[in-house]
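Per this note's numbering, residue 1472 is the first one in the sequence shown, and the count goes up by one each step. Take a look at the structure below.
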Amino acid sequence: MRSTVQTLSNSTIVAVLLSLPLAALGAYYLIFGFVPRWLSAYREFAADRGAAQLTGDPAALAGALESLSYVRPRQDYRRAASLQGLSLLPDGFEATERGPIATYLATERPTVRAALKRVPVGVVAHPDTDDRVRRLRSMTED
């Protein structure tokens, strides 16, 4: 009888030990996947709501969001010479110096930099533009 209890407890321990990595992956996804995306979407919707209240015209904001989302500029306006004079940065938009982290990653640890590029960061950080437009348009109906 005693050996049966020991066998059951040993198999229970093995099952728990085998399920720990799965539980850790679930916690990782919850903490670093779902929660940041939810918070980001909440902040975007709150910013849209605040902007609609400040401007008093949610329909105009919805139209601007649609225009910005569906019409992409052909050139990077940060590189346009006519805009360089508007920059408050001493060297314009071109960075001549690297920060300490970029220098470290570029010179001392290229493997770390390559590994960081493989990490999926911010896959879907913003809510869908159609959802934002729909919420803004519903504010005009209220």
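For every residue, glycine included, the Cβ atom is placed at its ideal position computed from N, Cα and C. A quick note: this is a predicted structure, and the numbers were derived from the prediction, not measured.
The DSSP-derived three-state label of V1542 is coil.
No Cβ-Cβ contact shorter than 7 Å links V1604 with A1523.
By the neighbour-count criterion, in which 16 or more other beta carbons inside 10 Å mark a residue as buried, L1607 falls on the buried side. Only residues of its own chain outside the window of five on either side were considered, and among them R1520, A1523, P1529 have a CB closer than 8 Å to the CB of M1610, listed in chain order. Inter-residue distance for R1508 and Y1500 is about 11 Å (C-alpha atoms, whole angstroms). Of the candidates L1496, L1539, E1612, the residue whose Cα lies closest to the Cα of D1599 is L1539.
In the three-state reduction of the DSSP assignment, D1528 falls in the coil class, being assigned neither a helical nor a strand state. Assignment of D1519 by DSSP, reduced to helix, strand and coil, places it in the helix class. One alpha carbon belongs to A1512, the other to H1597, and they sit about 6 Å apart.
Secondary structure of P1598 (DSSP, three-state): coil.
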